[in-house]
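A.B. asks:
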Amino acid sequence: MPAEAERESISAKAGILPYLNSNSINGRKCMKIKLMMLGILIAIAGISYAEEAPAVEAAQPVEVGNKICPISGEEVGKMGEGAKVEYKGKIYTLCCGMCEKEFNSDPEKFVSKVEKQMAATQ
């Protein structure tokens with residue numbers, strides 16, 4: 032028996048796919064099957080990684096801690112409970128809810144005032 036035929040016979044008896052030449056039709060089918068299996072394994076690995084990946088928590092806003100309202104110049108809390116406004120991840124305190132609309136009309140202007148006030152008190 033020629034060497035090629037003998038090798039195919041042994042492989043078939045052992046339950047192993049016979050060695051296939053990549054130029055043969057069976058070789059191309061085998062390559063397609065291998066690529067499909069590889070794709071399935073990659074997909075499964077990706078799904079399992081996505082399930083195990085920790086969720087990224089959103090950053091919590093930070094209290095600026097200003098004691099003076101940047102709109103009215105009044106002390107926060109003097110006229111009752113102050114209002115809080117969040118802007119770009121920071122919480123600014125105002126003397127009252129009425130100042131909130133003014134703050135939201137031009138937040139950069141009032142943030143700048145708060146930053147100057149905070150720098151002056153340090």
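Under the numbering used here, think of the first position of the sequence shown as 32, with each following residue one higher. Where a beta carbon is used, it is the ideal one built from N, C-alpha and C, also for glycine.
1) Just verifying my parser: in three-state terms, what is the DSSP assignment at N52?
2) Check whether the Cβ of Q91 lies closer than 9 Å to any Cβ atom in chain B.
3) Run the CB neighbour count on N97, radius 10 Å, all protein chains shown included, and call it buried at 16 or more, exposed below.
4) Tell me the DSSP secondary structure of V107 in three-state form.
5) By DSSP's criteria, A114 is part of a beta bridge. Which residues make up the other side?
6) Identify which residue in A150, G111, T152 and V145 has its Cα closest to the Cα of Y118.
7) Roughly how many angstroms separate the alpha carbons of P213 and K65, rounded to a whole number?
C.D. replies: Taking the coordinates as given:
1) The predicted position of N52 is uncertain, since its pLDDT is 47 and thus under 50; no value can be drawn from it.
2) No chain B appears in this structure, which consists of one protein chain only.
3) Around the C-beta of N97, 16 or more other C-beta atoms lie within 10 Å, and the residue is accordingly described as buried.
4) Coil.
5) Bridge partners of A114: L125.
6) The option with the nearest alpha carbon to Y118 is V145.
7) The requested residue 213 does not occur in the structure, where the chain is confined to residues 32 to 153.
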